[in-house]
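Line by line, the protein sequences give chains Z and L.
Per our numbering: the first sequence = residues 1 to 232.
Per our numbering: the second sequence = residues 1001 to 1786.
Backbone N, C-alpha and C define an ideal beta-carbon position, used for all residues, glycine too.
Since we're looking at a predicted model, the values are computed, not measured.
Below is one structure, written out as structure tokens; the observations come after it.
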Amino acid sequence: MILTGRKLSKSYQLGEVRVQALRDVDIQIYQGELVVVLGPSGSGKSTLLNMLGGMDKVSSGELFYRQQPLHAMDEKGLTRYRREAVGFIFQFYNLMPNLTAWENVHLATEIAAKPLSAKDVLIDVGLGERLEHFPAQLSGGEQQRVAVARAVAKNPEFLLCDEPTGALDFETGIQVLKLLRKFSREQKRTVVLITHNAGIADMADRVLYMRDGRLDRIRSNENPLAPEEVSW
Amino acid sequence: MLWRKMVRDVLESKAAYLACLVVISIGLMVYTSLNLTADNLWQAKENFYREYGFPDGFATVKGIPEAEIRRLAALPGIDQLEGRIVQDVRVIFPGREESTFLRLVTVGTGQGKTMSKVKLLAGLPLDPHQPGIWVDPQFLAANELKIGEEIPVIVGGRKVFLEIRGQAQSPEFVYPMRNAQDLFPDPRSFGIAYLPLPVMRSLAGEGAQINQLIFQLKPGFSYQDVESWLEPRLERFGLLALYPAKDQVSNFILNQELSSTEATANTMPLLFLAVGAVILYILLKRIIEQQRGQIGTLRSFGYSSREVQAHYLSYPLIIGLAGGLLGSLSGLWLSFPMTAMYQAFFHLPGLQGNFSLDYVLLALLLSVGFALLAGYFGSRQAMLLSPAEAMRPPAPPSGRHISLERWHWFWRSLTVQGKMATRNLFRHRQRSFFTFVGITFCFSMIAVTGYFNNIISVMIFDQMTKVQTHDIKITFAAPLSATGTRRELLKLPGIKRVETLLEAPATLKHGWRERETVIIGLGRDAELFNLLGEDGRRVLLPERGLILSSQLAEALGAKEGTIITLESALLRGDSISLPVYTIIPQYMGINAYMDKEALSRVLGQGELATSALLVAEEKALPLITEKYREASQVATMENRSQLLENFNEMMATYGFTIWILAVFAFITGFAVIYSFSIVALAERKRELASLRVLGMTPGEVLQILTFEQWLLALAAMLAGIPLTLQLISLMAQAMGSDLFTLPLIFEPNSFVIAAVGTACFILLAQWTLLRQIRRFSLVEALKERD
């Protein structure tokens, strides 16, 4: 078991409104599995991902990474956790617009403990020819592949992906999913993927259904589909 | 990598950062160059004074025998005391109309002299048996004279030729001025000549007596001690003045220049650095708000908040470093020509530019310090965000009704753009405040510049058209009978009006305060020398009592009705007390005025005149000048054009300062307004693009920004008026001296100029904004999440 959460709750202030985003969620994530968290927008899945990634602290409940209590860590501890254990991939890529593809990846490996070569990873995701391109000169799919490379190159324990295909067309979306699956299978690393796209759930080992900030139900997939087989 | 990101970010908003860089550089250039120049000046002064023995005290008497001098030299506290003859003589250059003078100063030729030595720069030693002189190099240069040539002068009523044996410089005449009424040294019409005492005696007649004493103190004695011992002993020799080194004209002006340079060097840069820091702060705050998502991303893959903050600190740091280097190095470079410029004013032999990195380092420290301070405060808040919060778009700034909306008539009169702009003003209080301060600063600087420009014209115009309206002033070598002189002068062809003056050097005392000055006795019907009151109207002379210039009144702590004690060598009795009748503003000189007849009565020496003011037909003026040029009773002749020339010369120097000030005002003003406009635009790109999509023209969209700016500018300009007055009064105090006062008058013109200038910057800044709005890609602006 890599992550364990008990009765996780989170509320926050957004402007003048108070939002109860997560209510009493119990969750386990295992080593090497590919988990999809599925739910409509506003169901609390992004908040859950933020908690798992140490981006934010829970309002109440307990969350452990292996034996370490994330809920009790200070900012310094959480930064170290993100630096060493987590690789993030976002819906809108979140690349630094002022840095080239290679520089974006290198930016992440600079602070990692045992990073992979930024160039190798970019070649791996098929961008060997585009190392010196700025995000604005890349297509959406290419940008997301840079983002995947950036997360993978840190050599993290697991990847957290927030709607990684949300801004991509079907074909490029599939390519990105293939990369994630490859990371999961070949390196035996955990991938947590958040989406509202039910089609993607078919490639997961397990699917967690979220609704109204609660974990609604869990489904295990005996025979997950290959990324090229899923459709939406 | 973050380094590269910073460099590219900075380059992206290069105009705004450049503006900031320029402001910081200017500040540090001023700091480095002025401090270095002041150091050079100070160093040269100290060396020259020490090596050539600047005296500790000076006494001017009518005449004192040499035996008495030897007795005085034995007084306790006196280390060295020396007597000399100092006399101004007229130089007769053929074909020159304006008066030219040489001050003959006798010097010892013996060995072992340590006080007030004269540095021979070129030529031969003086010979006690030959009528040769040393002359200061500036006089020689200005009059195109060379060593070996002869200067025709009038001494003791006859014309003699003095051979120039060398050029020399004394620490006492580093800034040679004929009298305190002059505003500037004019090397063409006044110079210093040194000659041996026996030569002087042979020229002026054996009866010529020592009329000036200079002395140095023994360690452990103060000037005040020695003054109290000397003063009673000198009274009977006709003591005219007794003063310490600090009041010696050349030294006084040199010290004043030094302290004012240092004051400017240490205050003005702070202003510029503060402006630069504010711009940096605003720019950084903007970029951090804009890069919220990027901050979140960096944090998500493990950059700590400290690292992210360090990254954002590198923006101001690089600007601070670059500005510091650019400013201090250019200041270092500038210190050389500036020091050279001082060489023209202050004749210090050792004065030269020095290469020193001390101020460069200090300037770097200063700029980096200011930049980091700005960076720290600019980035502090953003760093408190949790990474998850940073990833979310910021909550919309709270939309609330503002108190101004309660003024219905005002609120209803606004267009929608106006309403948006007004609400924005109050929503971004901090930025509104800084913009306000920036515009106020810009406005005030232009207004101050305008004020100085105007004030000099006012001073000159007043002096020439209202105060001194004569064509020629003749000063007599010795007092003459007033009626006789007047009658004589009225016989001149083309003469229109003659008025005589009685000028008496005197010491005025009030309590413990005292001041050496000249009391000018004027006729009650005087028209050529007018005393003007605060309201600009003529003040009539009282039958009894003094009129004081405001400077003098302040120095004496005197008010209307205060009883002043008057002491003068010309006075028969000990002293006399007179009430102050009134106080008048006077920009130049520190004089006291009295009715001529009353002054004659007080002095008890009959009706005398020491000078005369003439008005004559224009074509008669050269004839009059020619007629009296070589007359022995005439000491000096001054005509209007000469006076005007002096004023203009003063204007030229101040003009330089004013132009520099103006350039600074322009750059700073533009930098502030421009960079703030850019920030405002970038921040509201989405909002403004949405309005464009709704169908507004770029001009209409711009109105939202401009309305905001004009509203702020109006308030800022109003606030700038009292600030300007405050600044002017501070500067007037700093720059005012015994020689002249800067009048504190309200000059609406300056404010009009300032308002127009400020408006120009704003328009220029807005024009660049409009160009940017036109270039907006609507689709991208709306899609952009950052």
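#1: Taking all protein chains shown into account, do 16 or more other C-beta atoms lie within 10 angstroms of the C-beta of L/R1785, making it buried, or fewer, making it exposed?
#2: Leaving out the 5 sequence neighbours to the left and right, which residues in its chain are closer than 8 Å to L/M1420 when beta-carbon positions are compared?
#3: To the nearest angstrom, how far is it from the Cα of L/I1026 to the Cα of L/K1619?
#4: Short check: CB of L/I1154 to CB of L/R1090, under 8 Å?
#5: How would you label Z/T100, buried or exposed, when you count the other beta carbons within 10 angstroms and need 16 or more for buried?
#6: Please tell me whether L/A1388 has its Cβ less than 8 Å away from any Cβ of chain Z.
#7: Within the same chain, show all residues whose beta-carbon is closer than 8 Å to that of L/L1011, passing over the 5 residues directly before and after it, in chain order.
#8: Measure from the C-beta of L/K1005 to each C-beta in chain Z and report whether the shortest distance is under 8 Å.
#9: Can you find a CB in chain L that lies within less than 8 Å of the CB of Z/S9?
#10: Under a three-way DSSP split, which group does Z/H71 fall into?
#11: Could you name the residues that DSSP lists as bridge partners for Z/S60?
#12: So, using beta-carbon positions, are L/G1668 and L/A1713 closer together than 8 Å?
#13: Please state whether DSSP places L/P1509 in a helix, a strand or coil.
#14: Report whether the distance from the Cβ of L/S1432 to the nearest heavy atom of the ligand NAD is below 7 Å.
#15: Do L/A1382 and L/Y1281 have their CB atoms nearer than 8 Å?
#16: For L/Q1290, would you say it is in contact with chain Z, using Cβ-to-Cβ distances shorter than 8 Å as the test?
#17: Using only the alpha-carbon positions, how far apart do Z/I2 and L/I1673 sit?
#18: Is any beta-carbon of chain L found at less than 8 Å from that of Z/F158?
#19: Tell me, please, which residues DSSP counts as bridged to Z/G87.
#20: Leaving out five residues on either side along the sequence, give the residues of the same chain with a beta carbon under 7 Å from the beta carbon of Z/R6.
#21: Buried or exposed for Z/M210, please, with buried defined as at least 16 other CB atoms from any protein chain shown within 10 angstroms of its CB.
#22: Give a yes or no on whether the minimum CB-CB distance between Z/A94 and chain L is below 8 Å.
#23: Where does Z/E163 land, buried or exposed, given buried means 16+ other C-beta within 10 angstroms?
#24: Establish whether the CB of L/R1785 and some CB of chain Z are separated by less than 8 Å.
#25: At a Cβ threshold of 8 Å, is L/T1422 touching chain Z?
#26: For L/Q1726, does the count of other Cβ atoms within 10 angstroms reach 16, so buried, or fall short, so exposed?
#27: Rounded to the nearest angstrom, what separates Z/A21 and L/P1387 at their Cα positions?
#28: Sort L/L1384, L/S1033, L/L1425, L/Q1430 by Cα distance to L/L1334 and report the nearest one.
#29: Within a Cβ cutoff of 7 Å, which residues of the same chain sit near L/L1613, ignoring the five residues on either side of it in sequence?
#30: Mind checking Z/G15: buried by the 16 CB within 10 Å criterion, or exposed?
#31: So, helix, strand or coil for L/T1517, using DSSP?
#32: Quick one: is L/L1270 buried, meaning 16 or more other Cβ sit within 10 Å of its Cβ, or exposed?
#33: Return the Cβ separation of L/G1095 and L/N1211 in integer angstroms, given the expectation that the two are a contact with Cβ distance under 8 Å.
#34: Please list the terminal residues of the continuous alpha helix (DSSP H) segment that includes L/E1235.
#35: Using only alpha-carbon positions, find the residue among L/K1285, L/G1545, L/S1690 that is nearest to L/I1773.
#36: What residues of chain L sit near Z/I111, judged by a beta carbon separation below 8 Å?
Judging by the given coordinates:
#1: Numbered from 1 along the second sequence, position 785 holds the residue referred to as residue 1785 of chain L. With a pLDDT of only 48 at L/R1785, under the threshold of 50, the placement of this residue in the model should not be trusted; the figure read from the coordinates follows. Under this definition L/R1785 is an exposed residue.
#2: The residue given as residue 1420 of chain L occupies position 420 in the second sequence. Correct list, in chain order: I1704.
#3: Along the second sequence, one-based indexing puts residue 1026 of chain L at 26. Along the second sequence, one-based indexing puts residue 1619 of chain L at 619. Computed Cα separation, rounded: 52 Å.
#4: Position 154 of the second sequence, counted from the start, is the residue given in the question as residue 1154 of chain L. Position 90 of the second sequence, counted from the start, is the residue given in the question as residue 1090 of chain L. Contact flag set, yes.
#5: Taking the first residue of the first sequence as 1, we reach residue 100 of chain Z at position 100. Result: buried.
#6: Translated into the one-based positions of the second sequence, residue 1388 of chain L becomes position 388. At least one chain Z Cβ lies under 8 Å of L/A1388.
#7: Here residue 1011 of chain L corresponds to residue number 11 of the second sequence, with the count starting at 1. For L/L1011, where only same-chain residues beyond five positions count, there are no Cβ hits under 8 Å.
#8: Numbered from its first residue, the second sequence carries residue 1005 of chain L at position 5. Answer yes: the Cβ-Cβ gap between L/K1005 and chain Z drops below 8 Å somewhere.
#9: Locating residue 9 of chain Z in the first sequence gives position 9, counting from the first residue. Answer no: the Cβ-Cβ gap between Z/S9 and chain L never drops below 8 Å.
#10: What you label residue 71 of chain Z is simply residue 71 of the first sequence in a count that begins at 1. Here Z/H71 sits in helix by DSSP.
#11: Along the first sequence, one-based indexing puts residue 60 of chain Z at 60. DSSP lists Z/S9 as partners of Z/S60.
#12: Here the question's residue 1668 of chain L lines up with position 668 in the second sequence. Here the question's residue 1713 of chain L lines up with position 713 in the second sequence. Before going further, note that residue 1668 of chain L is Thr rather than Gly in the sequence given. Cβ atoms of L/T1668 and L/A1713: not closer than 8 Å.
#13: Against the second sequence, residue 1509 of chain L aligns to sequence position 509. For clarity, residue 1509 of chain L is Lys in the given sequence; the question names Pro instead. In this structure, L/K1509 counts as strand in the three-state DSSP scheme.
#14: The ligand content of the structure shown is nil, which means the ligand NAD is not present either.
#15: Numbered from 1 along the second sequence, position 382 holds the residue referred to as residue 1382 of chain L. Numbered from 1 along the second sequence, position 281 holds the residue referred to as residue 1281 of chain L. In this structure, L/Y1281 does not lie closer than 8 Å to L/A1382 by Cβ.
#16: Residue mapping note: residue 1290 of chain L aligns to position 290 of the second sequence, counting from 1. Judged by the 8 Å Cβ criterion, L/Q1290 is not in contact with chain Z.
#17: Here residue 2 of chain Z refers to the residue found at position 2 of the first sequence. Here residue 1673 of chain L refers to the residue found at position 673 of the second sequence. The straight-line gap from Cα to Cα measures roughly 55 Å.
#18: Mapped onto the first sequence, residue 158 of chain Z falls at position 158. Output row for Z/F158: interface = no.
#19: Residue numbering aside, residue 87 of chain Z sits at position 87 when the first sequence is read from its first letter. Looking at the DSSP assignment, Z/G87 forms a beta bridge with Z/L159.
#20: Here the question's residue 6 of chain Z lines up with position 6 in the first sequence. D26, G61, E62, listed in sequence order.
#21: Along the first sequence, read from residue 1 onward, the residue named residue 210 of chain Z stands at position 210. Label assigned to Z/M210: buried.
#22: As a working note, residue 94 of chain Z is residue 94 in the first sequence. It is worth fixing the name first, because residue 94 of chain Z is Asn in this sequence and not Ala. Output row for Z/N94: interface = yes.
#23: Indexing the first sequence from 1 puts residue 163 of chain Z at position 163. By the 10 Å Cβ count, Z/E163 comes out buried.
#24: The residue labelled residue 1785 of chain L in the question sits at position 785 within the second sequence. Only weak support is given to the placement of L/R1785: the predicted model assigns it a pLDDT of 48, under 50, and the value that follows is read from those uncertain coordinates. Cβ-Cβ to chain Z under 8 Å: yes for L/R1785.
#25: Here the question's residue 1422 of chain L lines up with position 422 in the second sequence. No, its Cβ sits nowhere closer than 8 Å to a Cβ of chain Z.
#26: The residue labelled residue 1726 of chain L in the question sits at position 726 within the second sequence. Counting Cβ neighbours within 10 Å, L/Q1726 comes out exposed, since fewer than 16 surround it.
#27: In the first sequence, counting from the first residue as 1, residue 21 of chain Z sits at position 21. In the second sequence, counting from the first residue as 1, residue 1387 of chain L sits at position 387. Roughly 16 Å separates the two Cα atoms.
#28: The count along the second sequence starts at 1 and reaches residue 1334 of chain L at position 334. Ranking the options by Cα distance to L/L1334, first place goes to L/S1033.
#29: The sequence position of residue 1613 of chain L within the second sequence is 613, counting from 1. Counting only Cβ-Cβ distances below 7 Å, and skipping sequence neighbours, we find H1470, K1473, E1499, L1501, L1528, F1529.
#30: By one-based count along the first sequence, residue 15 of chain Z stands at place 15. Exposed is the call here.
#31: For the purposes of this step, residue 1517 of chain L is taken as the residue at position 517 of the second sequence. Note: L/T1517 maps to strand in three-state DSSP.
#32: Taking the second sequence and counting its residues from 1, one reaches residue 1270 of chain L at position 270. By the 10 Å Cβ count, L/L1270 comes out exposed.
#33: In the second sequence, the residue the question calls residue 1095 of chain L occupies position 95. In the second sequence, the residue the question calls residue 1211 of chain L occupies position 211. Not a contact, Cβ separation roughly 32 Å.
#34: On the second sequence, position 235 is the one that residue 1235 of chain L refers to. Start and end: 1223 to 1235.
#35: Within the second sequence, residue 1773 of chain L is the residue found at index 773, counting from 1. Per the Cα distances, L/S1690.
#36: Along the first sequence, one-based indexing puts residue 111 of chain Z at 111. In chain order: F1301, G1302, Y1303, E1307.
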